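Numbering of the sequence shown is given in our numbering, commencing with residue 30 and proceeding in unit increments. For each residue, glycine too, the CB sits at the ideal point set by N, CA and C. All values reported here derive from a predicted model rather than from experimental measurement. One structure is given below, encoded as structure tokens.
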Amino acid sequence: MDQSRPRILYVTDLAYPARGRRYCDEDIWLTSRLREDFDVALCHPLDAAALMDGFDAVVVRNSGPVLHYQAAYDAFREKALANGVPVYTELTGKADMAGKAYLLDLTAAGYPVIPTVNRTADLHLLPEVDEYAVKPVLGADSIGLEFVGPEALPGLALDGGTLVQPRIRFQYEVSFYFVDRTFQYALYAPRPEERWVLEPYEPTDADREFAQRFVDWNTVDHGIQRVDACRTPEGELLLVELEDLNPYLSLDLVSEETRTAFVAAMAQSLRGLLAS
């Protein structure tokens with residue numbers, strides 16, 4: 030393999046109808062910059078398994094929720110692991126890449142996360158609030174999410190495949206973006222009703238330590254992760270989700286200097302993946 034110009038299969042759904050943002054613009058821009066270091070070809074997620082053998086690595090980016098093509102994604106993942114094809118982000122992730130059951134593990138371990146249970150016998154462990162969020166373990170983009178009052182909890186058929194959380198009335202949501210285990214930038218939504226109207230956010234040392242804990246907990250050495258959190262009325266940060274499969278990066282909202290640094294970090298990370 031010519032290490033000077035590795036061949037990258039970049040997986041994206043350029044037509045995915047994301048709410049409030051255009052995934053395709055981000056991937057068009059990002060691949061245009063990655064071409065300075067790699068030979069890059071774009072493909073739809075449904076074609077990734079068939080095409081991957083001709084490339085040195087596969088980069089999974091804005092490919093949409095895998096629930097929309099679960100069988101194809103499972104086949105891609107199985108083939109990549111069987112053939113030793115490097116995938117970016119690495120398939121070793123144990124957060125959203127594997128469903129949302131990790132929220133149960135983090136709750137049990139005492140991490141600062143929105144309390145989460147999946148069994149009727151554990152409902153008493155949740156704080157008493159006016160509403161609860163009920164969502165599938167294998168969910169994404171709010172698919173299957175509903176809100177119920179406390180009177181509905183006893184009637185829920187919890188079989189392990191459904192998560193229950195208190196609905197947090199937060200001040201704002203904030204996202205921290207990482208390449209490998211290194212923080213890159215942060216953005217936040219100052220108005221809770223407008224999740225994807227984001228602005229640059231300057232994290233405190235405590236904020237960065239909060240986000241770093243989750244990235245360090247995860248088993249990913251090469252890849253992109255986004256730590257989504259909410260700020261409670263009391264000022265505490267709680268994890269909403271740890272996205273380690275294909276997080277949208279909102280690169281259009283950061284400075285050119287930050288974008289340039291992000292691409293450099295990603296290119297270095299990809300070279301590290303290829304060399305591992």
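Per DSSP, residue 138 lies in no alpha helix (DSSP H) and is assigned neither H nor E. Annotation for residue 84: no alpha helix (DSSP H) segment contains it, and DSSP assigns it neither H nor E. Relative to the Cα of residue 251, the nearest Cα in the group 132, 271 and 294 belongs to 294.
Following the DSSP letters along the chain, one finds residue 108 inside the alpha helix (DSSP H) bounded by residues 99 to 112.
Where residue 148 is concerned, there is no enclosing beta strand (DSSP E), because DSSP gives it neither an H nor an E. Excluding the 5 residues flanking it on each side, residue 282 has same chain C-beta neighbours closer than 8 Å at 216, 227, 228 and 229, in chain order.
When DSSP reads this structure, residue 164 sits in a beta bridge with 192.
Here DSSP, grouped into helix, strand and coil, assigns residue 301 to helix. In this structure, 181 is the residue among 165, 138, 299 and 181 with its C-alpha nearest to the C-alpha of residue 159.
Here residue 143 is buried, its C-beta having at least 16 other C-beta atoms within 10 Å.
With 16 or more other Cβ atoms from the protein chains shown falling within 10 Å of its own Cβ, residue 118 counts as buried. Taking all protein chains shown into account, residue 176 has fewer than 16 neighbouring C-beta atoms within 10 Å of its C-beta and is therefore exposed. Of the residues assessed, residue 145 falls on the buried side of the cut-off, its CB having 16 or more other CB atoms within 10 angstroms. Classified as buried, residue 136 has 16 or more neighbouring CB atoms from the shown chains inside 10 Å of its CB. Residue 243 has its alpha-carbon roughly 11 Å from the corresponding atom of residue 258. Separation of residue 114 and residue 85 (C-alpha to C-alpha, rounded to the nearest whole angstrom) is 7 Å. Residue 57 counts as exposed, since fewer than 16 other beta carbons sit within 10 angstroms of its beta carbon. Contact annotation: residue 109 and residue 87 have beta-carbon atoms nearer than 9 Å.
Under DSSP, residue 239 forms no beta bridge with any residue. Of the residues 104, 89 and 125, the one whose Cα lies closest to the Cα of residue 248 is 125.
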